[in-house]
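Please read the structure below before turning to the comments.
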Amino acid sequence: MSRSRSFTSEGRDRSGEVGGLGPASRKPPLWMHAVEYDFGRLSADERYKLLVSFVGPRPIALVTTLGPEGIKNAAPMSFFNVFAQTPPLLILGLQDRPSGAHEDTTRNILETREFVVNLVDETIARQMVVCAIEFPPEVDEVRTAGLTWRESAAVRPGRIGEAPAAFECRLERAIEYPSRWIVFGEVAYMHVRDACIDPETMRVRPENYCPIARLHGDNYVLARNQYVLRKMSYEEWCRREAASGS
Ligand SMILES: Cc1cc2nc3c(=O)[nH]c(=O)nc-3n(C[C@H](O)[C@H](O)[C@H](O)COP(=O)(O)O)c2cc1C
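In structure tokens:
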């Protein structure tokens with residue numbers, strides 16, 4: 003990973019900025035004017051546009067599933083995140099097609115109750131986008147995109163060998179909304195590329211794990227520009243306040 007700046011443990015770079023975002027002492031601006039939207043008066047398309055444009059960057063799950071007839075499937079989902087460690091829950095938001103039919107991912111998860119969340123870094127970003135093409139159900143997106151299937155350890159759907167990490171999940175619950183399913187997956191097993199983790203501490207190696215995330219439309223970010231922003235303890239905060247007031 004190439005870093006253009008180096009940071010101290012305080013999160014300050016050599017110019018005294020925190021995280022390189024501006025002088026540490028600068029107060030954030032108080033906005034006096036805002037464009038406002040009453041969500042009760044917006045169309046579904048307008049709500050979607052606003053939500054996905056501003057809630058980001060969102061991590062990407064390249065979800066692999068197995069159809070009831072044994073057909074393998076993969077599709078990226080950015081309505082995705084982790085929500086708990088007990089139980090270990092990953093959650094997906096799956097939109098039905100405009101025709102009203104479920105996506106293959108939704109159908110497969112509801113029928114087989116298993117799926118794998120493969121995480122996406124820059125090495126498989128282009129292949130991830132190929133997996134988003136609305137291929138007919140019989141097309142194996144992983145092979146079509148030039149990726150490699152690997153056996154999973156705890157679930158029947160396979161995982162993607164090139165993914166930096168993969169979480170094997172069992173369906174914990176699924177909530178149905180009009181034209182959308184929210185799917186909760188309980189993680190049963192994890193695979194992680196050895197270069198991306200220190201197995202002694204179980205901590206990520208940020209110089210080797212560089213995920214991409216989705217912004218608006220077809221725009222993505224690469225987690226290259228990382229910086230440290232340490233939270234103070236309450237006692238530390240009080241000491242600093244006292245020192246600055248003297
Ligand atoms: C980066 C990215 C993120 C996406 N996120 C979602 C999502 O969160 N939910 C969803 O329903 N579709 C999402 N899509 C669209 C699906 O991947 C696409 O409809 C795909 O064809 C579904 O495939 P399937 O029918 O094999 O499940 C996303 C597409 C891309 C490129």
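To get our numbering, take the position in the sequence shown, counting from 1, and add 2. From the three backbone atoms N, C-alpha and C, an ideal C-beta is built for every residue, glycine too. Note that the structure is predicted; figures quoted are calculated from it, not measured.
query, result
"Using the Cβ count rule (16 or more neighbours within 10 Å means buried), how would you classify N75?", "buried"
"Output the boundary residues of the alpha helix (DSSP H) element that contains K29.", "Counting along the chain, K29 falls outside any alpha helix (DSSP H), and DSSP gives it neither H nor E."
"Does M234 come out as helix, strand or coil in the three-state DSSP assignment?", "coil"
"When you measure from the CB of D106 to every non-hydrogen atom of ligand 1, does any distance come out below 6 Å?", "yes"
"Can we count R252 as close to ligand 1, meaning its CB is less than 6 Å from some heavy atom?", "No statement about residue 252 is possible, as the shown extent of the chain runs from 3 to 248 and does not include it."
"Let me confirm a value: Q228 is counted as buried when at least 16 other C-beta atoms fall within 10 Å, else exposed. Which label applies?", "exposed"
"Taking just the CA atoms, how far does K29 sit from G244?", "A small fix is needed here, since residue 244 is Ala in this sequence, not Gly. In a straight line, the C-alpha of A244 is about 19 Å away from that of K29."
"At a threshold of 6 Å, does A155 count as lining ligand 1 (C-beta to nearest heavy atom)?", "no"
"Taking the C-alpha atoms as reference points, what is the distance between T10 and V122?", "Low confidence applies to T10: its pLDDT is 38, below 50, so where it sits in the model is not reliable, and the reading given next is rough at best. Each residue's alpha carbon lies about 29 Å from the other."
"Please go through the same chain and pick out, in chain order, the residues whose beta-carbon is closer than 6 Å to the beta-carbon of H218, but skip the five residues on each side of it.", "S55"
"Candidates R172, I214, H104, D98: which alpha carbon is nearest G58's?", "I214"
"Suppose the cutoff is 7 Å on Cβ atoms and the five residues either side in sequence are ignored; what does the same chain contact list for L224 look like?", "E124, C212, I214"
"Count the C-beta pairs between the segment 139-153 and the segment 176-186 that are closer than 8 Å, then say yes if the count reaches three, no if not.", "no"
"Need the endpoints of the alpha helix (DSSP H) that T108 sits in, please.", "106-114"
"Verify the contact flag: F41, CB atom, against every heavy atom of ligand 1, threshold strictly below 6 Å.", "no"
"So is S80 buried or exposed if we call it buried at 16+ other beta carbons inside 10 Å?", "buried"
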